[in-house]
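Student: This structure is in structure tokens; I'll ask about it shortly.
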Amino acid sequence: MTATTHPAAEVIRRAKDKQPTFGFWSVLDAPASNERIARLGYDYVCLDAQHGLLGYAGILQNLMAIDAGHGAAGVVRVGANDAAAIGRALDAGARGIIVPLVNNAAEARAAVAAARYPRAAGTGQRSYGPMRSGLRIGPTPAEADEAVLVLVMVETAEALANLDDICAVEDLDGIYVGPYDLSLGLGGKYPLDPDVQDSLEDRLKRALTAAEAAGKIAGIHTLDAATARSRAQQGFTFVTVATDLVELENAAASQLAEAKA
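Mapping the sequence shown onto our numbering, position 149 (from 1) lands on 1206, and the numbers just tick up by one.
In structure tokens, the structure reads:
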């Protein structure tokens, strides 16, 4: 099987074409679990290197497990807008990266530059050392750039103010909205505080409109199927459905309640 015929390559192509793409969020360093989840029909499994409980070895092992699941694309939310972190995640075989806390066009351009290889007319600055990714993505730098998804997170009031400029950044595939940090940035006392819900919904519509106008992917994070379905119906095309730690806790609580009943 070649890099371009692996099922995950088709996932990235569909995502870039703004076709509906649904994913699972993983914060646990659990390769066997992520391999199973990658077989269920999710389009992507995103490893959370910002708030997740896994280090670089965990990123590598879990990306291998997701590939072994032979279906979902392995995506990494890197810990920061840092060229070294972005490059290492991609070298390990990530088919997409999500960069947190991007507040303006300059920061978005830095994220894109870290994820793209240098070329004559571009601004890519990624160092060539594909390691594992050369087995799955590429093999040439131009092919790798085409096959890799780059999203930046919109999760602050400053990012909202600079949304049009962020969406205009060349070679950026799209935005990924973080509603929890965004609701705090809008004055919420805690994530998804009902007191700021109307304001949050207005900002989400604004983000969706800006992405669509620029021809970019509009992605969003959710924690349950009903919300994910609602956001997809709203127009978001790259939608995270659930998170492993939350799902594990909910399932355990439900089973215990039923047993005790």
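Every residue gets a Cβ at the ideal spot worked out from N, C-alpha and C, and that includes glycine.
Determine the closest residue to arginine 1071 out of Asp1228, Asp1105, Ala1309 and Ala1204, with distance taken between C-alpha atoms.
Tutor: Ala1204
Student: Considering glycine 1080, what are the terminal residues of the beta strand (DSSP E) in which it resides?
Tutor: 1078-1083
Student: Is the beta carbon of glycine 1150 closer than 7 Å to that of leucine 1120?
Tutor: yes
Student: Can you tell me whether glycine 1098 is buried or exposed? The criterion is at least 16 other CB atoms within 10 Å of its CB, across all chains shown.
Tutor: exposed
Student: Can you give, in chain order, each stretch of the alpha helix (DSSP H) that sits fully within the segment 1149-1229 and has at least 4 residues?
Tutor: 1162-1172, 1198-1204, 1214-1218 and 1220-1224
Student: Please report how far the alpha carbon of alanine 1137 lies from the alpha carbon of valine 1159, in whole angstroms.
Tutor: When the Cα atoms are used, alanine 1137 and valine 1159 turn out to be separated by approximately 9 Å.
Student: When you compare each of Ile1069, Asp1202, Asp1148 and Asp1255 to glycine 1128 by their alpha carbons, which one comes out closest?
Tutor: Ile1069
Student: What separation, rounded to the nearest whole angstrom, lies between the Cα atoms of proline 1236 and isoleucine 1143?
Tutor: In a straight line, the C-alpha of proline 1236 is about 23 Å away from that of isoleucine 1143.
Student: Relative to the alpha-carbon of leucine 1305, which residue among Thr1078, Leu1085 and Pro1064 has its alpha-carbon at the smallest distance?
Tutor: Leu1085
Student: Can you check the segment 1239-1278 for any alpha helix (DSSP H) of at least 4 residues that lies completely inside it and give the ranges in chain order?
Tutor: 1254-1271
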